[in-house]
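Visitor: Residue numbers (this note's numbering): 23 to 313. C-beta: ideal position from N, C-alpha, C; glycine also.
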């Protein structure tokens with residue numbers, strides 16, 4: 023029996039890894055929290071507020087806007103879920119721009135606010151805000167655009183950058199049962215920040231999923247380093263599996279354990295392992311002894 027050449031086996035192993043990773047990413051991004059009927063209803067215009075979809079944003083415009091707010095949604099939450107909140111703010115005179123993020127992850131487009139304020143020259147005071155991961159990305163954006171913004175609004179979120187000398191007005195609110203975003207975790211915001219506890223929303227547990235990297239997912243360099251480690255460990259593990267037929271779990275878990283806990287590694291390894299085992303079994307089906 024003629025065996026496959028080593029380069030071909032390497033390519034097959036790498037192709038399997040990439041396909042499995044693509045499937046995992048696709049499944050992850052398509053599993054998100056959807057807006058309910060009340061949120062959809064808040065997208066309709068009324069006598070006081072005009073709601074207009076504009077590209078990747080929704081604009082909630084009052085008749086006489088007194089200020090503007092650019093809002094980043096939380097991780098894996100459909101952007102329109104925040105329509106009731108922004109519609110109510112617009113009724114109070116705040117022009118709100120709700121940004122739809124790619125993959126429902128603000129970390130993929132932290133500069134989405136670029137150019138929005140300039141589209142409304144009649145609005146003098148502009149704020150940026152967001153929920154959870156969206157709030158963290160909004161804070162990151164605010165620290166780099168202090169000359170363009172007047173303040174920052176954080177909903178169950180905190181800034182990873184020091185805002186003490188930023189000159190920004192900062193408002194933060196958090197759930198009373200929230201164990202992540204609390205006043206104690208927001209040590210870098212100015213002393214004049216207004217912190218107000220509220221009852222946690224029904225979906226308060228949903229935001230915890232984006233802290234599974236112990237908080238440093240908000241650091242873009244840290245996220246990039248983790249993704250590089252992920253791809254490297256998968257490539258090495260399944261290269262070895264392609265050669266030897268085993269040992270991928272040992273290699274994958276050992277390397278990736280330097281970046282995250284085993285609770286996060288096992289689901290990824292299983293998702294990669296099943297397809298590769300099927301491929302190896304199919305390729306060697308003639309060698310299997312039915313007896």
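Within this structure, are the beta carbons of residue 158 and residue 150 separated by less than 8 Å?
Guide: Reading the chain shown from its first residue, position 136 is the one you call residue 158. Reading the chain shown from its first residue, position 128 is the one you call residue 150. Taking 8 Å as the Cβ cut-off, residue 158 and residue 150 do not qualify as a contacting pair.
Visitor: If distances are taken between C-alpha atoms only, which option among 136, 110, 180 comes closest to residue 148?
Guide: Working through the chain shown from its first residue, we reach residue 148 at position 126. Taking only the C-alpha atoms, the option nearest residue 148 is 136.
Visitor: For residue 232, count the other beta carbons within 10 Å of its own beta carbon; 16 or more makes it buried, fewer makes it exposed. Which is it?
Guide: Translated into the one-based positions of the chain shown, residue 232 becomes position 210. Unreliable positioning characterises residue 232 in this predicted model, as indicated by a pLDDT of 36, which lies under 50. The coordinate reading is nonetheless provided below. So residue 232 ends up on the buried side.
Visitor: Alpha carbon to alpha carbon, what distance is there between residue 301 and residue 57?
Guide: Taking the chain shown and counting its residues from 1, one reaches residue 57 at position 35. Taking the chain shown and counting its residues from 1, one reaches residue 301 at position 279. Residue 57 and residue 301: Cα-Cα distance of roughly 39 Å.
Visitor: To the nearest whole angstrom, what separates the beta carbons of residue 113 and residue 71, a pair I think is in contact under 8 Å?
Guide: Residue mapping note: residue 113 aligns to position 91 of the chain shown, counting from 1. Residue mapping note: residue 71 aligns to position 49 of the chain shown, counting from 1. Right, their Cβ atoms sit about 6 Å apart.
Visitor: Taking DSSP as the reference, what is the three-state secondary structure of residue 208?
Guide: The count along the chain shown starts at 1 and reaches residue 208 at position 186. Legend: pLDDT at residue 208 = 49, less than 50; position of this residue unreliable, value from coordinates given subsequently. Correct three-state label for residue 208: coil.
Visitor: For the alpha helix (DSSP H) containing residue 158, list its first residue and its last residue.
Guide: The residue you call residue 158 lines up with position 136 of the chain shown. Per DSSP, residue 158 belongs to the alpha helix (DSSP H) from 155 to 166.
Visitor: Under 8 Å, with one C-beta from each stretch per pair, do the stretch 97 to 109 and the stretch 120 to 127 reach the 3-pair mark?
Guide: The answer is yes - the stretch 120 to 127 touches the stretch 97 to 109, with three or more Cβ pairs under 8 Å.
Visitor: Going by DSSP, what residue range makes up the alpha helix (DSSP H) through residue 63?
Guide: Position 41 of the chain shown, counted from the start, is the residue given in the question as residue 63. Segment 59 to 63, the alpha helix (DSSP H) holding residue 63.
Visitor: Quick one: is the Cβ of residue 125 within less than 7 Å of any heavy atom of the ligand HEM?
Guide: Of the ligands one can find in the structure shown there are none, so the ligand HEM has no counterpart to examine.
Visitor: Pull up the distance between the alpha-carbon of residue 53 and that of residue 184, whole angstroms please.
Guide: For the purposes of this step, residue 53 is taken as residue 31 along the chain shown, with counting starting at 1. For the purposes of this step, residue 184 is taken as residue 162 along the chain shown, with counting starting at 1. About 33 Å.
Visitor: Apart from the five residues on each side of it in sequence, which residues of its chain come closer than 6 Å, Cβ to Cβ, to residue 237?
Guide: Indexing the chain shown from 1 puts residue 237 at position 215. Residue placement at residue 237 cannot be trusted, given a pLDDT of 39 that sits under 50; the coordinates are not used to answer.
Visitor: Rounded to the nearest angstrom, how far is the Cβ of residue 153 from that of residue 117, given a contact under 8 Å?
Guide: Here residue 153 is taken as the residue at index 131 of the chain shown, counted from 1. Here residue 117 is taken as the residue at index 95 of the chain shown, counted from 1. 19 Å between Cβ atoms; not a contact.
Visitor: Quick check: what's the CA-CA separation for residue 104 versus residue 65?
Guide: Working through the chain shown from its first residue, we reach residue 104 at position 82. Working through the chain shown from its first residue, we reach residue 65 at position 43. If I take the Cα positions, the gap works out to 10 Å.
Visitor: Could you tell me whether the Cβ atoms of residue 91 and residue 107 are closer together than 8 Å?
Guide: Position 69 of the chain shown, counted from the first residue, corresponds to residue 91. Position 85 of the chain shown, counted from the first residue, corresponds to residue 107. Not in contact: residue 91 and residue 107 (Cβ atoms no closer than 8 Å).
Visitor: Evaluate residue 60 with the Cβ neighbour count: other Cβ atoms within 10 Å of its Cβ, from every protein chain shown; 16 or more gives buried, anything less gives exposed.
Guide: Here residue 60 is taken as the residue at index 38 of the chain shown, counted from 1. Exposed, because fewer than 16 other Cβ atoms sit within 10 Å of the Cβ of residue 60.
Visitor: Excluding five sequence neighbours on each side, which residues of the same chain lie with their C-beta closer than 7 Å to the C-beta of residue 85?
Guide: As a first step, residue 85 must be located in the chain shown, where it is residue number 63. So the qualifying residues of the chain are 70.
Visitor: Buried or exposed for residue 304, please, with buried defined as at least 16 other CB atoms from any protein chain shown within 10 angstroms of its CB.
Guide: Locating residue 304 in the chain shown gives position 282, counting from the first residue. Result: exposed.
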